[in-house]
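Enquirer:
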Amino acid sequence: MQLPTTVGAYTLVASLGKGGTGEAFLARWRGREVPVVVKVLNPALASDEQFVRRFRHEAEVASLVESPWLVQVYEIAEALGTLFIAMEYVPGFTLAQILTRAARERVRISVPIVAELLRQALEGLEALHGARDLEGRSFGFVHRDVTPKNLVVGDEGRVRLIDLGLAKSNVRSWQTVPGKVLGSLGYVAPEQLRQGSVDRKTDVYAVGVIAFEALLLKRYITKAAPIDMVRQTLDRGVETICRDRPEVPQALEALILRALSPDSGQRPDSARAFARELSAAVPARASTFDVAAFVSGLLGPEREAREEQHLELLGQRAAGQEEPVTRSHFTLESMALRRTPEPR
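Note that the working numbering has the sequence shown beginning at 6, numbered continuously upward.
1) Would L31 and L46 qualify as a contact pair, given that the criterion is a beta-carbon distance under 8 Å?
2) Under 8 Å by Cβ, that's how I've got A84 and G13 pegged, so tell me the actual separation to the nearest angstrom.
3) Have a look at D295, A29 and P73 and flag the residue whose alpha-carbon is nearest the alpha-carbon of L127.
4) For the pair the stretch 278 to 288 and the stretch 225 to 245, tell me if three or more CB-CB distances fall below 8 Å.
5) What residue range is occupied by the uninterrupted alpha helix (DSSP H) comprising F56?
6) Since K44 and F89 are thought to touch, with beta carbons under 8 Å apart, how far apart are those beta carbons, to the nearest angstrom?
7) Since K23 sits in a beta bridge, which residues does DSSP pair it with?
8) Can you check DSSP and say which residues form a bridge with Y15?
9) Using the C-alpha atoms, what's the distance from E80 back to G101?
10) With H, G and I counted as helix, E and B as strand and the rest as coil, what does DSSP make of E327?
11) Does the separation of the CB atoms of L75 and F144 fall below 8 Å?
12) Between the beta-carbon of A291 and the beta-carbon of I118, is there less than 8 Å?
13) So, with DSSP's three-state summary, where would you put A84?
14) Can you give the Cα-Cα distance for A82 and E140, rounded to whole angstroms?
15) By how many angstroms is the C-alpha of E313 removed from the C-alpha of V40?
16) For L156, name the three-state secondary structure that DSSP assigns.
17) Are there three or more Cβ pairs, one per stretch, closer than 8 Å when the stretch 214 to 223 is compared with the stretch 195 to 204?
18) Tell me where the beta strand (DSSP E) around R165 begins and ends.
19) Are the CB atoms of A264 and V209 within a distance shorter than 8 Å?
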């Protein structure tokens, strides 16, 4: 896609990356003073009902959960045959980027910082798992793809959970290809591989994997051919954390190993229970300022370059260099999802 271009009421100025169903762009909402992210469905998938439903489902789930630990969706709409989602822009880095850089530079992440990152991720999951309708009925949300790349650490030190397209819920469901597992291998729980069953403890397992990787800066499940990663997940034995990180409290190690148990009954009952035990295991709590300072020290030059580039791109568009905005053909569904972002 040639940039800048317009989709609905948004001017897309830079690509932020591609995913399973589409591409995300930094964009400016005409008449607003805030940047947004616009996720556009891959045109090649527009005729595939399965992918269209998954794409819409991401916006539906996000619109039903209010939480500072989830990226907020402003609208889902279609303009001239292009389906897109407009959502909150969070300047920051994914946890995957942070862990990759820390491993490359051999910079260990302190136990309090790791605990705070996990605690915030668990807050987002608890909001997702606990979401209910106006009559108090659970939506039954399970994220199903909790990975470092789906956790964004904002420049202010706050973690957001993103990419709800694979979320299981009572709102909408669809059939998958027999034998195909939704989620990212290496973070998919053993019971999902065996029976295909998922519940909130499936997400708890994924947080356990992330905890292991954040402390040791290595993959819990070694990247390999899919069948080999499946075997590793099903046959994984217990591995100590304190041997390589002796400063890790034994209570924290025990908690993480419980979260990684192949028997879901041994895991913490919920994200909230996990967070509560985490706070008890690591009483020395880091602040969001501490998190922000660590990330800035690790990825400071990249942050400055990103800010400069984005300000330049958004400034150019704001100066009147964009093309006229194409009118969106909003459906009743999309209008119901519209939200106005707060000025930053």
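Even glycine gets a Cβ: it sits at the ideal position worked out from N, Cα and C. Owing to the predicted nature of the structure, the values given are computational and were not obtained by experimental measurement.
Expert: Per the coordinate set shown:
1) One-based indexing of the sequence shown puts residue 31 at position 26. One-based indexing of the sequence shown puts residue 46 at position 41. Cβ atoms of L31 and L46: not closer than 8 Å.
2) Against the sequence shown, residue 84 aligns to sequence position 79. Against the sequence shown, residue 13 aligns to sequence position 8. Indeed they touch by this definition, with Cβ atoms about 4 Å apart.
3) Taking the first residue of the sequence shown as position 1, residue 127 is located at position 122. Checking every option, the nearest Cα to that of L127 belongs to P73.
4) no
5) Working through the sequence shown from its first residue, we reach residue 56 at position 51. E54 to S68 is the span of the alpha helix (DSSP H), which, as asked, contains F56.
6) Position 39 of the sequence shown, counting from 1, holds the residue named residue 44. Position 84 of the sequence shown, counting from 1, holds the residue named residue 89. So it is a contact: roughly 6 Å between Cβ atoms.
7) For the purposes of this step, residue 23 is identified with residue 18 of the sequence shown, where counting begins at 1. DSSP lists E28 as partners of K23.
8) As a position in the sequence shown, residue 15 is number 10, starting the count at 1. Paired residue(s): V12 and W34.
9) What you label residue 101 is simply residue 96 of the sequence shown in a count that begins at 1. What you label residue 80 is simply residue 75 of the sequence shown in a count that begins at 1. The amino acid occupying residue 101 in the given sequence is Ala; Gly does not appear at that position. Taking the straight line from one Cα to the other gives about 27 Å.
10) Here residue 327 corresponds to residue number 322 of the sequence shown, with the count starting at 1. Note that E327 scores a pLDDT of 42, beneath 50, so its modelled location is shaky; the value from the coordinates is reported in the next line. In this structure, E327 counts as coil in the three-state DSSP scheme.
11) Within the sequence shown, the letter at position 70 stands for residue 75. Within the sequence shown, the letter at position 139 stands for residue 144. In this structure, F144 does not lie closer than 8 Å to L75 by Cβ.
12) Reading the sequence shown from its first residue, position 286 is the one you call residue 291. Reading the sequence shown from its first residue, position 113 is the one you call residue 118. Yes; because the gap between Cβ atoms is below 8 Å, this pair is in contact.
13) Here residue 84 is taken as the residue at index 79 of the sequence shown, counted from 1. In the structure shown, A84 sits in a strand (DSSP, three-state: E or B).
14) Locating residue 82 in the sequence shown gives position 77, where the first residue counts as 1. Locating residue 140 in the sequence shown gives position 135, where the first residue counts as 1. Approximately 27 Å, taken between the alpha carbons.
15) Sequence index remark: in the sequence shown, residue 40 carries index 35 (1-based). Sequence index remark: in the sequence shown, residue 313 carries index 308 (1-based). Here residue 40 is Pro; the residue named in the question, Val, does not match the sequence. The alpha-carbon atoms of P40 and E313 are separated by roughly 14 Å.
16) Working through the sequence shown from its first residue, we reach residue 156 at position 151. L156: strand per DSSP, three-state reduction.
17) no
18) To locate residue 165, count along the sequence shown from 1; it is residue 160. From DSSP, the beta strand (DSSP E) with R165 extends over V164 to L166.
19) Reading the sequence shown from its first residue, position 204 is the one you call residue 209. Reading the sequence shown from its first residue, position 259 is the one you call residue 264. Going by C-beta atoms, V209 is nearer than 8 Å to A264.
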